[in-house]
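First to last, the sequence lines map onto chains C and Z. For the first sequence, this note's numbering assigns the number 1 to the initial residue and increments by one for each residue that follows. For the second sequence, this note's numbering assigns the number 1001 to the initial residue and increments by one for each residue that follows.
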Amino acid sequence: MTSARPYLYLAPTLAVLAAFTYFPLARLAELSLHAPGIGTSLGPWIGFSAYSTLFANPLFWRVAGQTLLYVFASVPIAMAVALALALLLDQPLRGVGVFRVLYYTPVVMPTVAVAALALWMFNANGGIIDYLLHAIGIGPVPWLVDGAWALPTLMIVAVWKNVGYYMIIYLAGLQSLPRAVLDAARLDGARPIARFFTITLPLLRPTTFFLAVVALIGSFQVFDFVNLMTQGGPSNATNVLVYFAYQNGFEYVQLGMAAAISLVMFAMVLMILGALAWAFNR
Amino acid sequence: MIEPALRFAGVGKSYGSARILEDLDLEIAEGEFFVLLGPSGCGKTTLLRMTAGLQTIDRGEIYLRGAPLSPIPPERRNIAMVFQDYALYPHMTVYGNMAFGLRRHGHDKTETDARVRRTAALLGIEPLLDRRPHQISGGQQQRVALGRAIARDPVLYLMDEPLSNLDAQVRASVRTEIKELQRRLGVTTLYVTHDQVEAMTLGDRMAVLNDGAIQQAGRPIDIYREPANEFVARFLATPRLNLLEGTLEHSNGSIVVRTPVGAFAWTQPPRSLPATAKVRVGMRPEEIKISFDVAAAGASLPIRLIETLGSQVLVFADFDGGELTVSIPADAMPHDAQRIAIVPSGSIVHVFDHAGGAALGHFVAGGEG
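Here it is in structure tokens:
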């Protein structure tokens, strides 16, 4: 029975996953196909009508578009900034440990605190950001009150909060690079910038892939900053899929619709991750 | 005077207060295969990396064809290095690995292609050009690393223990290959190793390093025959140097070196021998003559252990105060031997200062005095 043994060892993990991931997922799918019931019971079968209602709603498309914009703008920017910081903090500088801690601080700050801080800093009435920009002749910028500025403002806050985490991962990646390979590239005549693009960046590929996956999933699920800072406003300019699902489920008590939104989003994440994996393993 | 290809002038290195390289001077001629031999931590790799520009020079200067190296960054030194763990670019093909340095040095596609293919042909790695490093064996990877250096056609090769990650058989064949290639290409080579066989077989000349200082430099055979001190003698002995306490007895012009295993006649000792009577005597296993005709000899030593290496046999014999290792041809070994007698005449003896370890002289012993 040796061949059964590995499956036996896998069983506990699979059981936990089944109970807390796959079963809820199936229930979610079931929920999206039924009319609202009373309590935890299901209403009558309505097929895919929740989905057709959803897809007919122009707000859904706007929210989905804003979510994708948020993800595909903030993730690459945060990763690029993180890599740049990691390259700097990989140098043998005096007091480099202090800087590593400083850049990591936002990661360990509670999201609520960061949101409160950001609300104060980006305040339209005398926020410190506008104050500083004014000193160099810019602004005032209508950060959170203007529809065109609100989503970028959330992105700035999210990048600021996450960049330290990505930086630490990149730093670990940089420090595990084979030094001799970089030395060899130097003796082969590659100057710093060429060395970065021809050696360092390609060798960091596994780290970049890992970070891209984690960052994409994480930023798709953005909710905290929206809920704490804008509640999706002004006039849905910062409404994103998770917040949209939350509104439908808990404000409008449309659990079936919320389930449908969640599953559509789940499918989107899966497709994007699939494309990402394909691109990285080519 | 012809400017040497590579010249170390008072080159030193410290980490904090620890001096890891004493200020050393060394000249390496154009086209020479020069080996730096020493135990780990002796500073030989530091010296190599300083030459490459991967570590800074704290004191002194290194000159390549007369030009000081320290103002030139490693990217522009026209030096190629072969690393211990090959350091191939894992994300590039063998072709890409060899072409990388050429493209960086401004060769166009046609020239690069021609050089890569010529070098691949030279090393017999043409079939591997499209493979990645992880798809080929260690010996092949080492050949690619050599190819990467050769294709660039630099003025100097630096090799940092390039054979130590290979298994014994591959090592021997790649060693021969490196020697042949270097002869053919005539490029000055600085080669670092802790393996005395590599040093002896590869080097036109070599330097033995210990504790950040050169112990002795010269042709391998000269260093082998006349080690400058106890350390060098010990380092160039396989499996180990027999070190004995000895005394010098002067008698009408010649000297007798008395040791616990016998007395050796030094018929033509140098005039400048110090007056001290106490010395240390070094004898390599293969330099000791022995006889199994114990009855004819006055004294003999009991055999404790015999190790057969194939063509050679190692005989371990006990004497009062220690153990003597002797190496003899396997066919000279009687299988029922219990004891050996040392035959002084023809044995080679190295005499070292008892305190400092500096060599006082080397001689082939005459008949017993």
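Glycine included, every Cβ here is placed at the ideal spot set by N, Cα and C.
Residues of the stretch 1347-1365 of chain Z whose Cβ lies closer than 9 Å to any Cβ of chain C, in chain order | Listed by position, the residues of the stretch 1347-1365 of chain Z near chain C (Cβ gap below 9 Å) amount to none.
By the criterion of Cβ-Cβ separation under 8 Å, what are the contact partners of D1085 of chain Z in chain C?
-> For D1085 of chain Z, the chain C residues whose C-beta falls within less than 8 Å of its own C-beta are P178, A180, listed in chain order.
Would you decide whether N1252 of chain Z is buried or exposed? Buried here means 16 or more other CB atoms lie within 10 Å of its CB.
-> Under the 10 Å beta carbon count, N1252 of chain Z is surrounded by fewer than 16 other beta carbons and is classified as exposed.
Would a C-beta distance cut-off of 8 Å place T1189 of chain Z and M1159 of chain Z closer than the cut-off?
-> Closer than 8 Å, so yes.
Per the contact definition of three or more C-beta pairs closer than 8 Å, is the stretch 1142-1162 of chain Z in contact with the stretch 1116-1127 of chain Z?
-> With the cut-off at 8 Å, the stretch 1116-1127 of chain Z and the stretch 1142-1162 of chain Z touch.
What in chain Z is Cβ-close to R62 of chain C, meaning under 8 Å?
-> Residues of chain Z passing the Cβ test: none, with the nearest at roughly 42 Å.
Alpha-carbon spacing of Q91 of chain C relative to R1115 of chain Z, whole angstroms = Answer to the nearest angstrom: the Cα atoms are 36 Å apart.
Have a look at F266 of chain C and G1139 of chain Z and give me their C-alpha separation to the nearest angstrom.
-> Taking the straight line from one Cα to the other gives about 49 Å.
Figure out for me which residue from C:V145, C:I169, C:L17 has the closest Cα to the Cα of V81 of chain C.
-> For V81 of chain C, the closest alpha carbon among the candidates C:V145, C:I169, C:L17 is that of C:I169.
At a CB-CB cut-off below 8 Å, which residues of chain Z make contact with G189 of chain C?
-> Listed along the chain, the chain Z residues whose CB falls inside 8 Å of the CB of G189 of chain C are E1075, R1076, G1101, R1104, H1105.
Cβ neighbours of V1326 of chain Z in the same chain (closer than 6 Å, five flanking residues each side left out) | Take V1326 of chain Z, set aside five residues on each side of it, and the residues of its chain with a beta-carbon closer than 6 Å to its own are P1285, I1288, I1290, V1315, in chain order.
In this structure, does DSSP put P6 of chain C in helix, strand or coil?
-> Residue state, collapsed to three classes: helix.
With 16 as the cutoff for other CB atoms within 10 Å, does L1243 of chain Z come out buried or exposed?
-> Result: buried.
DSSP state of E1245 of chain Z mapped onto helix, strand, coil = E1245 of chain Z carries a strand assignment under DSSP once its states are collapsed to helix, strand and coil.
Short Cβ contact (8 Å threshold) for F1264 of chain Z with S1164 of chain Z = The answer is no: Cβ separation not under 8 Å.
From Z:P1239, Z:V1197, Z:Y1015, Z:L1241, pick the residue whose C-alpha is nearest to that of I1221 of chain Z; which is it?
-> For I1221 of chain Z, the closest of Z:P1239, Z:V1197, Z:Y1015, Z:L1241 by C-alpha to C-alpha distance is Z:V1197.
Just confirm the distance between the C-beta atoms of A73 of chain C and M155 of chain C, as a whole number of angstroms; I'd bet it's less than 8 Å.
-> Separation of the CB atoms of A73 of chain C and M155 of chain C is rounded to 6 Å, and the pair is thereby assigned contact status at 8 Å.
Closest by CA to R1103 of chain Z, which one among C:S176, C:L25, C:A185?
-> That would be C:A185, whose Cα lies nearest to the Cα of R1103 of chain Z.
Is there at least one Cβ from chain Z nearer than 8 Å to R27 of chain C's Cβ?
-> Output row for R27 of chain C: interface = no.
Tell me the DSSP bridge mates of E1177 of chain Z?
-> Under DSSP, E1177 of chain Z takes part in no beta bridge, so it has no partner.
Limits of the beta strand (DSSP E) - the one that Q1135 of chain Z falls within = Counted as a single uninterrupted DSSP element, the stretch harbouring Q1135 of chain Z is not any beta strand (DSSP E), since DSSP gives it neither H nor E.
From what residue to what residue does the alpha helix (DSSP H) around T1371 of chain Z run?
-> The question about residue 1371 of chain Z has no answer, for chain Z in this structure spans 1001 to 1369.
Specify the secondary structure class of F23 of chain C as computed by DSSP and reduced to three states.
-> Of the three classes helix, strand and coil, the one that applies to F23 of chain C here is helix, per DSSP.
Per DSSP, cross-strand counterpart(s) of M1206 of chain Z = Paired residue(s): Z:V1035, Z:G1218.
If you draw a straight line from the C-alpha of G1043 of chain Z to the C-alpha of G1322 of chain Z, how long is it?
-> Cα to Cα, the separation comes out at about 33 Å.
G1369 of chain Z to R1258 of chain Z span [Cα, whole Å] = Any answer about G1369 of chain Z is weak, because its pLDDT of 42 lies below 50 and its placement is not dependable; what the coordinates show is given next. Rounded to whole angstroms, G1369 of chain Z to R1258 of chain Z spans 10 Å at the Cα level.
A1052 of chain Z at chain C interface by Cβ criterion, 8 Å | For A1052 of chain Z, at least one C-beta of chain C is nearer than 8 Å to its own C-beta.
Rounded C-alpha distance that separates M352 of chain C from F280 of chain C | Not covered by the structure: residue 352 of chain C. The range shown for chain C is 1 to 282.
Determine, using beta carbons only, whether R1205 of chain Z and R1183 of chain Z come nearer to each other than 8 Å.
-> No. Outside cutoff.
Using the rule of at least 16 other Cβ atoms within 10 Å of the residue's Cβ for burial, across every protein chain shown, is R1049 of chain Z buried or exposed?
-> Counting C-beta atoms within 10 angstroms of its own C-beta, R1049 of chain Z has 16 or more neighbours from the protein chains shown and is therefore classed as buried.
Any C-beta of chain C under 8 Å from that of L1006 of chain Z = Closer than 8 Å to the CB of L1006 of chain Z there is not a single CB belonging to chain C.
Tell me Q1084 of chain Z's beta-bridge partners as DSSP assigns them.
-> Beta-bridge analysis with DSSP links Q1084 of chain Z to no other residue.
Taking one C-beta from the stretch 1333-1342 of chain Z and one from the stretch 1292-1307 of chain Z each time, how about it: are there three or more such pairs within less than 8 Å?
-> They touch, by the three-pair rule.
In whole angstroms, what separates the C-alpha of S1311 of chain Z from that of Q1215 of chain Z?
-> Their backbone Cα atoms lie some 32 Å apart in a straight line.
For the putative contact between P140 of chain C and W149 of chain C, defined by C-beta atoms under 8 Å, what is the C-beta separation to the nearest angstrom?
-> Contact between P140 of chain C and W149 of chain C is ruled out by a C-beta separation of about 11 Å, above the 8 Å threshold.
C-alpha gap between L1181 of chain Z and G1031 of chain Z, whole angstroms | Distance between the alpha carbons of L1181 of chain Z and G1031 of chain Z is about 12 Å.
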